[in-house]
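So that you can map any letter, position 281 of the sequence shown is 1640 in the numbering used here, and since no number is skipped, the others follow by simple counting.
All C-beta atoms in this analysis are idealised placements derived from N, C-alpha and C, irrespective of residue type, glycine included.
Below is one structure; the comments refer to it alone.
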Amino acid sequence: MKIGLEVHVQLPTKSKLFCSCPTSSENGPNSAICPVCLGFPGSKPALNRKALEMGILIAKFLGCTITERIWFSRKTYFYPDLPKNFQTTQYESPVGTDGVFVVNGKEIHINRVHIEEDPGRIKRVGKAGAELALIDYDRSGIPLVEIVTAPDMSSPAEAREFLTSLMTELRRLIGVSGQEQTMRVDTNISVGTERVEVKNVTGVKNVERALKFEVIRQTKMLAAKKKIVRETRHFDEERGVTTPGREKEFEEDYGYIGEPDLGTYVITDMAAALQIPETPLTRAKRLEKEYGLPFATAKQLVATSWDLADLFEELAAKIGAEKAASWSQGALSSRWKGLQERMSAELRSTLIETVVAAAEGTMTDSEAKLRIEALAKGKEMTANAATDVDVEQLIAQLADEHPEVVADYKTNPKAANFIIGRVMKETKGLFSSQEIAEKTKKELESRN
Ligand SMILES: [Zn+2]
């Protein structure tokens, strides 16, 4: 089985690819449009430099060869979402070619990376048979990057992993909004010899569903000795099936012609000047090398949160990588959601102090864990808060409620642990275990 993907991701620029219309509008449909993105006669496009830079950065990150001189082409077709009757894209001169992206140790070849504009959005309303199509041109002209892979994936799960991993990288690389919905994918899949394309599938989960459906459909056809035709199909998200679309066109059918209103651009210097920032994958590799973490651990750490990985590096400098990893992977990671919501410079240094104290043995591990738990829940850790809780009263109350513990304590000092444990749990690390133990023993002894 061979699977190849054409991945379209919106580039997070403020303005569109060839005009200054904003890429997001709060004024309802068709409010962010102008003669350029509607393709009125005489309108002149101008290339958005930021979008070009993002496209090049992605190509560079994927290890592509950067094309020296690029230009744009008109891909001609008629559809209501495209009032110009052509989409401005790159055909002969993509920004990058011949790259690679490694997923779980397997190399997925990248054929090309190019930039293009998005067409408008069509919304169908009304009952079947009496449908109306509403068109919102706010989307036309929004910059997209298209990443085309070779048919190197061999299962729907592998395609899902490729897309998930790619999106994680792009989020850091160019600040893609991170919404699954911003990714649209054309998939090519052949179980036998003939290739079927499932077009315009939104989001990673749907890509996997559409591919799984195609695997079963094509396998059954082959088993029944039926011929699989080369065609374009659509994925019905609600029913989870693919349905035949028009017969597959060949690229030549689009009648590409060079876009005369835009120039050619020599991008070599721009590409050389662009620095690739550290991404989750490259950071995990560095953590593995620098701190000796197992790669899976490093990857998990970075995936949980970029800030948690920062905290890990800070802790590693103080208490060593092994202990820092254990705390980052354990207590900090499991409470990270709450901690992140409340994160401040003060909280950060309290966390570091706590873990360092536990690592150095001036606080027990369970105290440190309770303290982290309390911090994650937003409990005040100041002296004031501590005095607000009357520990002695709490101990007395527990002793009242559990006369059997009081009786047991006469012959078995370990009976006190029941009350100590309960008090520690309820005060969530506000007091040291030693302090609670002393107070509990005092109370229990006073009762005998
Ligand atoms: Zn415009």
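- For residue 1542, there is no enclosing alpha helix (DSSP H); the enclosing beta strand (DSSP E) covers residues 1542 to 1549.
- Remark: the C-beta of residue 1375 is in contact range of ligand 1, defined as less than 7 Å to any heavy atom.
- Measuring C-alpha to C-alpha distances from residue 1423 to each of 1411, 1444, 1457 and 1440 identifies 1457 as the nearest.
- Distance from the CA of residue 1415 to the CA of residue 1432, rounded to the nearest whole angstrom, comes to 18 Å.
- Counting every other CB atom within 10 Å of its CB across the protein chains shown gives residue 1420 a total of 16 or more, marking it as buried.
- Set against 7 Å, the gap from the CB of residue 1500 to the closest heavy atom of ligand 1 is smaller.
- A residue is called buried when at least 16 other Cβ atoms come within 10 angstroms of its Cβ; residue 1635 does not meet this threshold and is exposed.
- Here the region 1509 to 1516 does not lie against the region 1483 to 1496, with fewer than 3 beta-carbon pairs under 8 Å apart.
- The region 1617 to 1696 contains, as complete alpha helix (DSSP H) runs of 4+ residues, the segments 1627 to 1632, 1639 to 1650, 1654 to 1663, 1665 to 1678 and 1680 to 1686 (chain order).
- Ordered along the chain, residues surrounding ligand 1 are 1378, 1380, 1393, 1395 and 1396 [Cβ under 5 Å from any heavy atom].
- Listed in chain order, the alpha helix (DSSP H) runs fully inside the region 1393 to 1442 are 1394 to 1397 and 1408 to 1420, counting runs of at least 4 residues.
- Proximity to residue 1494 across 1445, 1441, 1517 and 1475 peaks at 1441, based on C-alpha coordinates.
- Comparing C-alpha distances from residue 1409 to each of 1374, 1430 and 1381 shows the shortest one belongs to 1374.
- Boundaries of the beta strand (DSSP E) harbouring residue 1595: 1590 to 1595, taken from the DSSP string.
- Taking a cut-off of 8 Å on C-beta distances, the region 1491 to 1506 touches the region 1468 to 1478, as three or more cross pairs fall below it.
- Contact between residue 1568 and residue 1599 holds, since their C-beta atoms are separated by about 6 Å, short of 8 Å.
- According to DSSP, residue pairing for residue 1783 in a beta bridge does not occur.
- By the neighbour-count criterion, in which a residue is buried when 16 or more other Cβ atoms sit within 10 angstroms of its Cβ, residue 1547 is buried.
- For residue 1425, the closest C-alpha among the options 1412, 1644 and 1565 is that of 1412.
- Selection 1707, 1671, 1640 and 1367 evaluated against residue 1535 yields 1367 as nearest (Cα-Cα).
- With distances taken between CA atoms, residue 1578 lies nearest to 1554 out of 1554, 1560, 1562 and 1596.
- Taking all protein chains in view, the Cβ of residue 1714 is crowded by 16 or more other Cβ atoms within 10 Å, so the residue is classified as buried.
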